[in-house]
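In the numbering used here, the protein residues as written are 74 to 410.
Next up, the structure:
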């Protein structure tokens, strides 16, 4: 059986996760090379994974290695240049979200891949998580009637390093873009208006320009449905991921996953495991599934399941939410050009 020959560009946290998954085995895919400007720093780790085709320059890698597709895991502002180069070579691309922190550049990326006619999937991994997939099947299948309200909770277990969120744009484009994508996916309608409130609850980060650690966002969908998203970047008990959809005939919800489901009942109370600590712990299978789906799309000439169009929809909402926070008003998504 033919496998898609994938090269990974970027060897940071997400890049290493994809590399490990490809080494361990992703159906329909094989890792053939890795490129990173800091490849020397990662060489020992990569060699230990059995990866020997290593490059500092992704352009050199693409010129020397026979590949079918690339997995782009570099810093978000570098995506545009890489996409331009890879699209010109006619190669398929899997790109981590978001496309860019500048919406205009994201639109340019979408136009480039459309003109090139190459497969292009964006890494909205929650769409490939078994829990969210089942929730979507229940809602889209009409089991709870017409969806009326969606509630999403996305909380991180510990604060990111100083400057990390700002370098990735802001909390809306870096973290909530997943929520905006999933909210629209679940409700089957685009978000047309948002209102965002946010603050800095942790006193140690009050001096960090543009940083917020707590958010609440209200949503209005084009079909009249509404939604709420809340986030904390310091939920000390774990990676808190909840979702529920209220419909005209019932309710469907997702609970947190935990390392085990054992409950201990004692005289002084009941204890159970905390939620997983991070997104990599909570969603391991989803990252494998999304690459397998990408390989299947490319090898069998199928449309990708989540592409540049879906990413633009979520990124546009993220920009509207940022405007809402800064201007302290509800913002229609159509205001974002």
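We put the CB at the ideal spot given by N, CA and C, even for glycine.
- Query: Which one of 205, 243, 137, 101 has the shortest CA to CA distance from residue 396?
  - Reply: 243
- Could you spell out the range, first to last residue, of the alpha helix (DSSP H) harbouring residue 154? 152-161
- Mark residue 246 as exposed unless 16 or more other C-beta atoms lie within 10 angstroms of its C-beta, in which case mark it buried. buried
- Message: Suppose you measure from the CA of residue 124 to the CA of residue 87; what does that come to, to the nearest Å?
- Response: 16 Å
- Task: Give the C-beta separation of residue 412 and residue 185 to the nearest angstrom, bearing in mind that I take them to be a contact with Cβ-Cβ under 8 Å.
- Result: Residue 412 lies beyond the stretch modelled for the chain, which goes from 74 to 410, so this question has no answer here.
- Using alpha carbons as the reference points, say which of 406, 345, 278, 254 lies closest to residue 302. 254
- Please classify residue 321: is it buried, with 16 or more other beta-carbons within 10 angstroms of its beta-carbon, or exposed? exposed
- Could you check if residue 408 is buried or exposed, using at least 16 other CB atoms within 10 Å of its CB as the buried criterion? exposed
- Message: Can you check which of these residues, 194, 316, 144, is closest to residue 222 by C-alpha distance?
- Response: 316
- Taking 8 Å as the cut-off, decide whether the C-beta atoms of residue 385 and residue 180 are in contact. yes
- So the beta strand (DSSP E) residue 260 belongs to, where does it begin and stop? Taken as a continuous stretch (DSSP letters only), residue 260 belongs to no beta strand (DSSP E), being part of the alpha helix (DSSP H) at 250-260.
- Query: Can you list, in chain order, the stretches of the alpha helix (DSSP H) that have 4 or more residues and sit fully within the segment 183-240?
  - Reply: 203-213, 237-240
- Determine the DSSP secondary structure at residue 281, reduced to helix, strand or coil. coil
- Task: Can you say whether residue 274 is buried or exposed, counting buried as having 16 or more other CB atoms within 10 angstroms of its CB?
- Result: exposed
- Message: For residue 411, count the other beta carbons within 10 Å of its own beta carbon; 16 or more makes it buried, fewer makes it exposed. Which is it?
- Response: Residue numbering for the chain in the displayed model covers 74 to 410; residue 411 lies beyond these limits and cannot be assessed.
- Task: Tell me residue 99's beta-bridge partners as DSSP assigns them.
- Result: 102
- What is the DSSP secondary structure of residue 395, reduced to helix, strand or coil? helix
- Message: Three Cβ pairs or more, each shorter than 8 Å: is that satisfied between the segment 261-273 and the segment 291-306?
- Response: yes
- Query: In three-state terms, what does DSSP make of residue 169?
  - Reply: coil
- Task: Please say whether residue 308 and residue 230 have beta carbons closer to each other than 8 Å?
- Result: yes
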